[in-house]
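Enquirer: If you scroll down you'll find the structure; I have some questions about it.
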Amino acid sequence: MYAFGIPSGIMVDAKGPRWGVVLGIILFAAGYYPIARAYNAGPGAYSVGLICLFSFFTGAGSCTAFTASIKAAALNFPESRGTATAFPLAAFGLSAMFFAAIALLIPAGTDNFLILLATGTVLLPLLAFPFLRIIPQHSYHHIPQQDRQVMHRTRSSGSHDFPPTEEPGAPQPTKKAPSSSRTVPQQPDTTPESGDEHSSLLSSSDVDDLEGSKHLGSDRNRESPHLDIRGFALLPLPEFWQLFSMLGLLTGIGLMTINNIGNDAQALWKHYDPSTTPEFIEKRQAMHVSILSFCSFAGRLTSGIGSDFLVSKLNRSRFWCLFASGVIFCVAQIAGTAISTPHLLVLLSGLTGFAYGMLFGVFPSLVAHCFGVHGLSQNWGTMTLAPVISGNIFNLLYGRIYDGHSIRNEAGDMECLQGRVCYSSAYWVTFVAAILGVGCCLWSIWHEYQVHRVRDTKEHAEHHERTA
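This is the structure in structure tokens:
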């Protein structure tokens, strides 16, 4: 799924969200239905490589349709982008719990569940497709020059300027005469073109350098409709690597618990009550998966809506949502090292799910604000490569620590009977990583405050010169 993020993002940005949904439907059908047939056919009917290809199709379809939904939400609700993108993000986080609940209503069996996945993943986007459209932004109000000197970027050779009515996939409005009531007369610029969003990333003055090249989304409330940085143009920018690093650190922490909460539950129950049956442990593991899914859903909604409230009502940075996520991750890691009773493991799964959801709920809005909404799909696909790296590192660390405390039982399987000792060292490592993530968030908030202070001082001086 993560590997298909960039190519699917390029396609959605170039052709529009509707094409992304169409491709997602095709890939879902080409993935889940053959997997269901392979299961019914039995061992040897399909090669391992072919089944891997079908699995790749399911991940690619999920990535493409998901990317299209985020892009459509971000384009249609530019003034409440955090809230708009939070809903598809939250639904994505709740999808596992949704299909698990539906599976309880059908006859038990893996084959029936695979058919449910094949039918549901195709039917849901197919029903939503007729209602998916990009609403063109008809009016564009001229921003005074002193308000436009906010973000200085160089358009890369792979970047494009899309006025609000020329977004790929959006219906083209009928051209009207210049005297139309929708047209807002533009005031002539009183300063050179070099002061707007088309000017160079690095300007000659120290203030412009601070505002343009070092600041991550320097203006919270105003965004150029032409800002478009994507592809290789991201690589020289420090703000790209700052976001990439924060996403990698915090998602890696969350993925370690998400992927291994079943091992945590098994280790604690085997130590707490050796007579616990495997069936009981499986039910507890499923319960923790549901808690993770629901809390992730709640965290995504909270972060998306909360980030818009911070920006529009309190004039504060969206980075405060990342800071809150990092703090909750820190508390979760401490819980992971301290919990020795399996009944309290819900604290670890609940806190991890909520922090993970808060992280993803606000991140697309940050990416769109810093690099432009027109390349959001491709840029978001690039950002999601960070969890691939950090998630594998932390998962391998957990596996090595857990295996180091495991012994071989009578059945020949490896198991750990030492309770939280089986994995607590891994949570101390992720606690340090969470502290680093919180530090990055605090630095970003402080840096943003400094840039705003410099910008406000400059604007005040310019206003004083004009009125003097």
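So in the UniProt record's numbering, spot 245 of the sequence shown is number 245, and the numbers just go up one at a time.
For every residue, glycine included, the Cβ atom is placed at its ideal position computed from N, Cα and C.
Just so we're clear, the structure is a prediction, and the values are computed from it rather than from any experiment.
Can you check DSSP and say which residues form a bridge with M414?
Expert: Partner(s): R408.
Enquirer: Using a Cβ-Cβ cutoff of less than 6 Å, which residues in the same chain neighbour V333 once the five nearest sequence positions on both sides are dropped?
Expert: Looking at the sequence provided, one finds Gln at residue 333 rather than Val. Once the five neighbours on either side are set aside, the close Cβ partners of Q333 are Y427, T430, F431 and A434.
Enquirer: Give the C-beta separation of L376 and A386 to the nearest angstrom, bearing in mind that I take them to be a contact with Cβ-Cβ under 8 Å.
Expert: Not quite, the Cβ-Cβ distance comes to about 16 Å (not below 8 Å), so this is no contact.
Enquirer: Just the C-alpha distance for G262 and M414, rounded to the nearest angstrom, thanks.
Expert: About 15 Å.
Enquirer: Are there 16 or more other CB atoms within 10 angstroms of the CB of P364, so buried, or fewer, so exposed?
Expert: P364 comes out buried.
Enquirer: Quick test of your reading: S303 and G361, contact by CB under 8 Å. State the CB separation rounded to the nearest angstrom.
Expert: Going by Cβ atoms, the distance from S303 to G361 rounds to 3 Å, so yes, they are a contact pair.
Enquirer: Quick check on S296: does DSSP put it in helix, strand or coil?
Expert: It is helical.
Enquirer: Are the CB atoms of P17 and L132 nearer to each other than 9 Å?
Expert: Cβ distance < 9 Å, so P17 and L132 count as in contact.
Enquirer: The alpha helix (DSSP H) with K71 in it runs from where to where?
Expert: Start and end: V48 to N76.
Enquirer: Going by the CB atoms, is the gap between V21 and P125 shorter than 9 Å?
Expert: In this structure, V21 lies closer than 9 Å to P125 by Cβ.
Enquirer: Can you tell me whether Q378 is buried or exposed? The criterion is at least 16 other CB atoms within 10 Å of its CB, across all chains shown.
Expert: So Q378 ends up on the buried side.
Enquirer: Can the beta-carbon of S349 be found closer than 9 Å to that of T257?
Expert: Going by C-beta atoms, S349 is nearer than 9 Å to T257.
Enquirer: Which term fits S139, buried or exposed, when burial requires 16 or more other beta carbons within 10 angstroms of its beta carbon?
Expert: Only weak support is given to the placement of S139: the predicted model assigns it a pLDDT of 49, under 50, and the question is left unresolved by the model.
Enquirer: Would H447 be called buried (16 or more neighbouring beta carbons within 10 Å of its own) or exposed?
Expert: The residue in question, H447, is buried, as its Cβ has 16 or more Cβ neighbours within 10 Å.
Enquirer: For Q450, count neighbouring Cβ atoms within 10 angstroms of its own Cβ and tell me buried if that reaches 16, exposed if not.
Expert: It counts as exposed.
Enquirer: List the whole-angstrom C-beta distance separating D111 from A36, where the pair is believed to meet the contact cut-off of C-beta under 8 Å.
Expert: At roughly 6 Å, the Cβ-Cβ gap stays under 8 Å, so D111 and A36 are in contact.
Enquirer: Residues in the same chain with beta-carbon distance under 7 Å from W309, minus the five sequence neighbours each way, listed in chain order, please.
Expert: Position check: residue 309 holds Phe in this sequence, whereas Trp was assumed. Cβ neighbours of F309 beyond the five flanking positions: none.
Enquirer: Taking L442 as the reference, which of M11, S80, L396 and R316 has the closest Cα?
Expert: Taking only the C-alpha atoms, the option nearest L442 is R316.
Enquirer: If I'm right that L249 touches L436 with Cβ under 8 Å, what's the distance once you round it to whole angstroms?
Expert: Confirmed, Cβ separation roughly 6 Å.
Enquirer: By how many angstroms is the C-alpha of L359 removed from the C-alpha of G299?
Expert: Straight-line Cα distance between these residues: approximately 8 Å.
Enquirer: In this structure, does DSSP put residue 474 in helix, strand or coil?
Expert: For residue 474 there is no data in the structure shown, the boundaries of the chain being 1 and 468.
Enquirer: Tell me whether R318 is buried or exposed, calling it buried when 16 or more other Cβ atoms sit within 10 Å of its Cβ.
Expert: Counting Cβ neighbours within 10 Å, R318 comes out buried, since at least 16 surround it.
Enquirer: For the alpha helix (DSSP H) that contains K313, what are its first and last residues?
Expert: Note, K313: premise wrong, no alpha helix (DSSP H); not H, not E.
Enquirer: Could you check where the alpha helix (DSSP H) with D273 kicks off and where it finishes?
Expert: Counting along the chain, D273 falls outside any alpha helix (DSSP H), and DSSP gives it neither H nor E.
Enquirer: In three-state terms, what does DSSP make of S424?
Expert: Correct three-state label for S424: helix.
Enquirer: Between the beta-carbon of residue 471 and the beta-carbon of A265, is there less than 9 Å?
Expert: Outside the shown range of the chain (1 to 468) lies residue 471, about which nothing can therefore be said.
Enquirer: Have a look at A100, I25, L105 and P43 and flag the residue whose alpha-carbon is nearest the alpha-carbon of S69.
Expert: If we check each option's Cα against that of S69, I25 comes out closest.
Enquirer: Measuring only the C-alpha atoms, how far is residue 471 from G82?
Expert: Because the chain is modelled from 1 through 468, residue 471 falls outside the range shown and cannot be assessed.
Enquirer: Can you give the Cα-Cα distance for S325 and G49, rounded to whole angstroms?
Expert: About 39 Å.
Enquirer: By alpha-carbon positions, which one of G357, R453 and G61 ends up nearest to P7?
Expert: Nearest C-alpha to P7: G61.
Enquirer: For Y427, decide whether its Cβ has a neighbour in chain B, counting only Cβ atoms nearer than 9 Å.
Expert: Included in the structure is just one protein chain, with no chain B present.
Enquirer: Between the alpha carbons of G353 and F57, how many angstroms are there, rounded?
Expert: Answer to the nearest angstrom: the Cα atoms are 27 Å apart.
Enquirer: By a C-beta neighbour count over all protein chains shown, 10 Å radius and 16 as the cutoff for buried, is Y272 buried or exposed?
Expert: Flag for Y272 reads exposed.
Enquirer: What does the alpha-carbon distance come out to for the pair G399 and I393?
Expert: The alpha-carbon atoms of G399 and I393 are separated by roughly 10 Å.
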